[in-house]
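Enquirer:
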Amino acid sequence: MTSTASSTDTRQDQQAPDTRPSWQQRLRRYGYSARPVSDVRARLVPPFAAPGTRLWGALGVPPVLADRVARWSGWGGPLLVTLLAGVLRFWNLGSPHAVIFDETYYAKDAWAIVHHGFEVNWDKDVNKLILDSGGHVTLPSDAAYVVHPPVGKYVIGLGELMFGFDPFGWRFMTALLGTLSVLMLCRIGRRLFRSTFLGCLAGALMAVDGLHFVMSRTSLLDGVLMFFVLAAFGCLVVDRDRARERLAAALPADEDGRVRPDAQVADTLSLGRRPWRWLAGLMLGLAIGTKWNGLYVLVAFCVMTVLWDVAARRVAGARRPYTAVIKHDLGLAFLATVPVALVTYLVSWTGWILSPTDGTGGYYRNWAATDGKHSSWSWLFPDWWRSLWHYEHEVYEFHLNLHSPHTYQSNPWSWIVLGRPVSYFYESPAPGTDGCPVDAGDKCAREVLALGTPLLWWAACFAIAYVLWRWFFRRDWRAGAIACGIAAGYLPWFLYQERTIFLFYAVVFVPFLCLAVAMMIGAVIGPPGSSDTRRVAGATGAGVLVLLIAWNFIYFWPIYTGTAIPIDDWRSRMWLDTWV
4 MTSTASSTDT
14 RQDQQAPDTR
24 PSWQQRLRRY
34 GYSARPVSDV
44 RARLVPPFAA
54 PGTRLWGALG
64 VPPVLADRVA
74 RWSGWGGPLL
84 VTLLAGVLRF
94 WNLGSPHAVI
104 FDETYYAKDA
114 WAIVHHGFEV
124 NWDKDVNKLI
134 LDSGGHVTLP
144 SDAAYVVHPP
154 VGKYVIGLGE
164 LMFGFDPFGW
174 RFMTALLGTL
184 SVLMLCRIGR
194 RLFRSTFLGC
204 LAGALMAVDG
214 LHFVMSRTSL
224 LDGVLMFFVL
234 AAFGCLVVDR
244 DRARERLAAA
254 LPADEDGRVR
264 PDAQVADTLS
274 LGRRPWRWLA
284 GLMLGLAIGT
294 KWNGLYVLVA
304 FCVMTVLWDV
314 AARRVAGARR
324 PYTAVIKHDL
334 GLAFLATVPV
344 ALVTYLVSWT
354 GWILSPTDGT
364 GGYYRNWAAT
374 DGKHSSWSWL
384 FPDWWRSLWH
394 YEHEVYEFHL
404 NLHSPHTYQS
414 NPWSWIVLGR
424 PVSYFYESPA
434 PGTDGCPVDA
444 GDKCAREVLA
454 LGTPLLWWAA
464 CFAIAYVLWR
474 WFFRRDWRAG
484 AIACGIAAGY
494 LPWFLYQERT
504 IFLFYAVVFV
514 PFLCLAVAMM
524 IGAVIGPPGS
534 SDTRRVAGAT
544 GAGVLVLLIA
554 WNFIYFWPIY
564 TGTAIPIDDW
574 RSRMWLDTWV
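For the sequence shown, the numbering used here begins at 4 and goes up steadily by one.
#1: Using a Cβ-Cβ cutoff of less than 7 Å, which residues in the same chain neighbour V140 once the five nearest sequence positions on both sides are dropped?
#2: Are the stretch 448–462 and the stretch 537–554 touching, with three or more C-beta to C-beta distances below 8 Å?
#3: If contacts are defined as beta-carbon pairs under 8 Å, then V84 and V185 qualify, I think. What distance do you get, rounded to the angstrom?
#4: Less than 8 Å between the beta carbons of V318 and V43, yes or no?
#5: Residue range of the beta strand (DSSP E) that L516 falls in?
#6: Measure the C-alpha to C-alpha separation of G365 and V343 and round it to an integer number of angstroms.
#7: Should Y563 be labelled buried (16 or more other beta-carbon atoms within 10 Å of its own) or exposed?
#8: In three-state terms, what does DSSP make of I367?
#9: Using CA coordinates, which residue listed in W355, Y508, T363 and G435 is at the minimum distance from W416?
#10: Take every Cβ of the stretch 188–205, pair it with every Cβ of the stretch 146–160, and state whether three or more of those distances are shorter than 8 Å.
#11: Smallest Cα separation from S76: which of M229, R574 and F51?
#12: In its own chain, which residues sit with a C-beta less than 7 Å from the C-beta of L579, not counting the 5 before and 5 after it?
#13: Would F171 pass as a contact of L96 if the rule is Cβ separation under 8 Å?
#14: Looking only at C-alpha atoms, which of P359, D225 and A339 sits nearest to A146?
#15: Between which two residues does the beta strand (DSSP E) containing G449 stretch?
#16: Using the Cα positions of S413 and F93, report the straight-line distance between them to the nearest angstrom.
#17: Return the chain-ordered list of same chain residues with a C-beta closer than 7 Å to the C-beta of W125, the five sequence neighbours on each side being excluded.
#18: What span of residues does the alpha helix (DSSP H) with V232 cover, start to end?
#19: Classify S426 as helix, strand or coil using the three-state DSSP reduction.
#20: Can you tell me which of K330, Y148 and A303 puts its alpha carbon nearest to the alpha carbon of V313?
#21: Can you tell me where the alpha helix (DSSP H) with G192 in it begins and where it stops?
#22: Output yes or no for whether 8 Å exceeds the beta carbon distance between H215 and V513.
#23: Would you report the Cα separation of A336 and R481, rounded to the nearest angstrom?
#24: Which residue wins for smallest C-alpha separation from L506, given the options R194, G237 and Y411?
#25: Looking at the unbroken alpha helix (DSSP H) that takes in K330, where does it start and where does it end?
#26: Can you give the beta carbon distance from D257 to R263, rounded, assuming they're within the 8 Å contact cut?
#27: How big is the Cα-Cα spacing for L405 and G529?
#28: Which residues bound the alpha helix (DSSP H) around T271?
#29: Once the 5 residues before and after M523 are set aside, which same chain residues still bring their CB inside 6 Å of it?
#30: Spell out the partners DSSP gives P569 in its beta bridges.
#31: Nearest by alpha-carbon distance to T347: which of C487, V398, R423 and W281 is it?
#32: From S351 to A253, what does the alpha carbon distance come to, in whole angstroms?
#33: Below 8 Å between beta carbons: does that hold for A88 and T182?
#34: Suppose you measure from the CA of P408 to the CA of A526; what does that come to, to the nearest Å?
#35: Could you pull the start and end residues of the alpha helix (DSSP H) that W387 belongs to?
#36: Looking at A315: is its Cβ nearer than 8 Å to the Cβ of L47?
Here's what the structure looks like:
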């Protein structure tokens, strides 16, 4: 009998020969490393980390209670973060009691659309009357030419119907969606990273981001668009897990119970109807129905989810994963997203479509019966379709040629470093008025500035570089998904650098910036199995960064909420000349 120590087989403690392609071997020197061989089920659907009770035990919580708290942390943690976000966003929501920035369009358009089904022309001086009368104004009937689809205005109008035609009413739904988006991000981050801590961290970062905060307290469309984009992304992440679970369940297991790849299963298995993907199509349709840049997100997310399917079938052992996806997944993937999104978009125009065609309905609603009555397509398409198509064409031309200079317009190159934020509201109250301290000496400043929390955004610059590295060299799908979300919301604006565009458009990809920072912080803390020294050092550095970001949000709180502060205090917060 031989023992391990005396065995002459010198191969037992050696690694298996590296059979990877030579290009992968060469990339190792730049940080690339292949995934270790493991059970295919674990590779397809990695398990969630078991909740720990160590922290609660250190705080003196009884073991039974600590175990219960840990088990509920998957929902308890996100709900606590959401509660914080909600308190911040709903606190004194009606202040400033004014029509700020583009609320002058969307608050009034929302009120008209939930009553008439289309937007109307308002008198120039009606804002003061609305504020003074508590919203009790006569609704005009003359249709207005507007350049954004109706979904976001229906959302804002729902709040007005519930709480009145006043600042609180028209900001209610954006505050609610902003709060719910924090909850969604916590849960999405948890599913992405398989870590409740990192998921809650991503949500907490967004809760204290200044741009997300201001947009949640203002009745503009971009916050609504952000919500639907994030919801669509979350649906696709859940769909990815469900599809991979189905694939893993169909694979055979060996005599040791380990799930192994199987080419026959991976090449031929149908993954079913996938309802989460259909729900994602609905969310993307609502996004496009809020603002047209949702179209770019639709394209990016469709490509992303198809590549996820290819990767899943490859891991499961498919010989031709692209062919398998084309045969079994691509058709349903298309039907669940593109047609669903387009039908949702069309349905959102129902109020306009059903309005009268005698000239008293929506703008251009009677076009097919007047200017377009001699169209060569009149025999094929109904009047409402041709009128809507004409309207959309005119809107497209407007957006394409929008070059009106604006004080706060900015180039997208400057967005990520917060080069030129947008001032939504500014007043200079005298001492003793509008919250200005009596002893202020000089006048005060009240401002609502759409500015991201600077330390968060500047940290996000490094986080973007990290996720791109992680995606390219480590083939980390999570990094790729985050990068896709950022790219879909950010890169299209580089096609329109000559147009009049603004920094607050960036709120659409703020959730993905927060996911990127959370992922980077997770790397700073260190992977499981790191030494105590490494984890302590990493946790200390990560904690300092998070606390600085939270402090930064608190420091800028007055200029996010329109709180009156002495003019010198306001100047001390203008860190860059371009912020003034």
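Think of the CB as a built atom: it goes at the ideal place given N, C-alpha and C, for glycine as much as any other residue. From a predicted model like this one, the values you see are computed outputs, not experimental measurements.
Expert: On the basis of the data shown:
#1: For this step, residue 140 is matched to residue 137 along the sequence shown. Here V140 has V129, L132 and I133 as same chain residues with Cβ atoms under 7 Å from its own Cβ, once five neighbours each way along the sequence are excluded.
#2: Judged by pairs of C-beta atoms under 8 Å, the stretch 448–462 touches the stretch 537–554, as three or more such pairs exist.
#3: Within the sequence shown, residue 84 is the residue found at index 81, counting from 1. Within the sequence shown, residue 185 is the residue found at index 182, counting from 1. At roughly 6 Å, the Cβ-Cβ gap stays under 8 Å, so V84 and V185 are in contact.
#4: Walking along the sequence shown from the start, residue 318 turns up at place 315. Walking along the sequence shown from the start, residue 43 turns up at place 40. Less than 8 Å separates the beta-carbon of V318 from that of V43.
#5: Taking the first residue of the sequence shown as position 1, residue 516 is located at position 513. Note, L516: premise wrong, no beta strand (DSSP E); alpha helix (DSSP H) at V513 to I528.
#6: Within the sequence shown, residue 365 is the residue found at index 362, counting from 1. Within the sequence shown, residue 343 is the residue found at index 340, counting from 1. Rounded to whole angstroms, the separation of the alpha carbons of V343 and G365 is 25 Å.
#7: For the purposes of this step, residue 563 is taken as the residue at position 560 of the sequence shown. Answer is buried; the Cβ neighbour count reaches 16.
#8: Taking the first residue of the sequence shown as 1, we reach residue 367 at position 364. Strictly speaking, residue 367 in this sequence is Tyr, with Ile absent from that position. Correct three-state label for Y367: coil.
#9: The sequence position of residue 416 within the sequence shown is 413, counting from 1. The residue with the shortest Cα to Cα distance from W416 is Y508.
#10: They do not touch, by the three-pair rule.
#11: As a first step, residue 76 is located in the sequence shown; it is residue number 73 there, counting from the start. Comparing Cα positions, the closest option is F51.
#12: As a first step, residue 579 must be located in the sequence shown, where it is residue number 576. Excluding positions up to five away in sequence, the list is empty.
#13: Translated into positions along the sequence shown, residue 171 becomes position 168. Translated into positions along the sequence shown, residue 96 becomes position 93. Cβ atoms of F171 and L96: closer than 8 Å.
#14: The residue labelled residue 146 in the question sits at position 143 within the sequence shown. Checking every option, the nearest Cα to that of A146 belongs to P359.
#15: As a position in the sequence shown, residue 449 is number 446, starting the count at 1. Sequence check: residue 449 is Arg here, not Gly. Residues C447 to A453.
#16: Along the sequence shown, read from residue 1 onward, the residue named residue 413 stands at position 410. Along the sequence shown, read from residue 1 onward, the residue named residue 93 stands at position 90. S413 and F93 have their C-alpha atoms spaced approximately 29 Å apart.
#17: In the sequence shown, the residue the question calls residue 125 occupies position 122. Taken in chain order, the residues that qualify are K111 and P143.
#18: On the sequence shown, position 229 is the one that residue 232 refers to. It spans L224 to A253 - the alpha helix (DSSP H) in which V232 sits, taken as one unbroken run.
#19: Stepping through the sequence shown from its first residue, residue 426 is reached at position 423. Assigned with DSSP and collapsed to three states, S426 falls in strand.
#20: Reading the sequence shown from its first residue, position 310 is the one you call residue 313. It is K330.
#21: Taking the sequence shown and counting its residues from 1, the one referred to as residue 192 is at position 189. Its alpha helix (DSSP H) spans residues P170 to F196.
#22: Within the sequence shown, residue 215 is the residue found at index 212, counting from 1. Within the sequence shown, residue 513 is the residue found at index 510, counting from 1. Taking 8 Å as the Cβ cut-off, H215 and V513 qualify as a contacting pair.
#23: Sequence index remark: in the sequence shown, residue 336 carries index 333 (1-based). Sequence index remark: in the sequence shown, residue 481 carries index 478 (1-based). Distance from the CA atom of A336 to the CA atom of R481, rounded to whole angstroms, is 20 Å.
#24: By 1-based counting over the sequence shown, the position of residue 506 is 503. Ranked by Cα distance from L506, the first of R194, G237 and Y411 is Y411.
#25: Here residue 330 corresponds to residue number 327 of the sequence shown, with the count starting at 1. Run containing K330: P324 to H331, per the alpha helix (DSSP H) assignment.
#26: Here the question's residue 257 lines up with position 254 in the sequence shown. Here the question's residue 263 lines up with position 260 in the sequence shown. Contact holds; Cβ gap of about 6 Å.
#27: The residue you call residue 405 lines up with position 402 of the sequence shown. The residue you call residue 529 lines up with position 526 of the sequence shown. Cα-Cα distance, rounded: 48 Å.
#28: As a working note, residue 271 is residue 268 in the sequence shown. Going by DSSP, T271 is part of the alpha helix (DSSP H) stretching over A266 to T271.
#29: For this step, residue 523 is matched to residue 520 along the sequence shown. Answer for M523: A466 and Y469, listed in chain order.
#30: As a working note, residue 569 is residue 566 in the sequence shown. DSSP, once it has assigned bridges, lists C447 as partnering P569.
#31: Here residue 347 is taken as the residue at index 344 of the sequence shown, counted from 1. Nearest C-alpha to T347 among C487, V398, R423 and W281: W281.
#32: Looking up residue 351 in the sequence shown gives position 348. Looking up residue 253 in the sequence shown gives position 250. Their backbone Cα atoms lie some 40 Å apart in a straight line.
#33: Working through the sequence shown from its first residue, we reach residue 88 at position 85. Working through the sequence shown from its first residue, we reach residue 182 at position 179. For A88 and T182, yes; Cβs fall inside 8 Å.
#34: Position 405 of the sequence shown, counted from the first residue, corresponds to residue 408. Position 523 of the sequence shown, counted from the first residue, corresponds to residue 526. Going from the Cα of P408 to the Cα of A526 covers about 43 Å.
#35: Your numbering for residue 387 matches position 384 in the sequence shown. That run of the alpha helix (DSSP H) goes D386 to L403.
#36: As a working note, residue 315 is residue 312 in the sequence shown. As a working note, residue 47 is residue 44 in the sequence shown. Against a cut-off of 8 Å, the Cβ pair of L47 and A315 comes out as a contact.
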